[in-house]
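According to this note's numbering, the first sequence is numbered sequentially starting from 4. Note that CB positions come from ideal geometry on N, CA and C, so glycine has one too. Computed from a prediction, not measured in an experiment: that's the story for all the values here. Written out below as C-alpha cells is the structure these notes cover.
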Amino acid sequence: MSRATEPTYERIYAVVRAIPHGRVATYGQVASLAGLPGHARQVGYALHALRTDDDVPWHRVINARGEISRRADPGPEGLQRAMLEAEGIVFDRRGRVSLRRFRWQA
DNA sequence: TTTATGGCTGTCA
DNA sequence: ATGACAGCCATAA
C-alpha cells in the first residue's frame, strides 16, 4: 500500500475512479483533487499509461476546453467520445462538451 | 546520473 | 473566436 513514495499515478487513478457516471472532469481538476496542483500533464500521462482492463473511467477526463485531446493514437479518441455519449454526455457540433453542465463538482 | 518528452493550462496578440 | 508562447514536473530511456 502506502509506500513512503506514493506513486503519483495511483493518486490520479483514485480521483478518476471517483468521477461519477455521466460526469466529466478536466485534467487540471483531477490533478488538484489528487493533491497535485499544476500536474495536469501528468494526469494525461497517467491515463495514457493506463490499461484498458483497469477499472478507471479514463474517458471521463477531458481537457480544460471541454474537448477530447488529440493524442498519438487516433483510435481511443473516437472511442472516448462514444463512451461519454453512452453515459449521457452531450457533444456539440464541434465536438465539445458543456463543462458548465457536465463538469464534475466534487 | 542527465535528457527528452509530453491525452495540459493560462495568458497574450 | 483562434493561434502561439511559456511554464509546470513526473516518467521513461
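For the options R96, A37, H62 and R68, the alpha carbon positioned closest to that of L102 is the one of R68. Sequence-distant Cβ neighbours of A49 in its own chain, meaning closer than 6 angstroms and more than five residues away, are Y12 and I15. By the neighbour-count definition (other C-beta atoms within 10 Å, threshold 16), G41 is an exposed residue.
In the structure shown, the three-state DSSP call for A28 is strand.
In the three-state scheme derived from DSSP, where H, G and I count as helix and E and B as strand, R44 is classed as helix.
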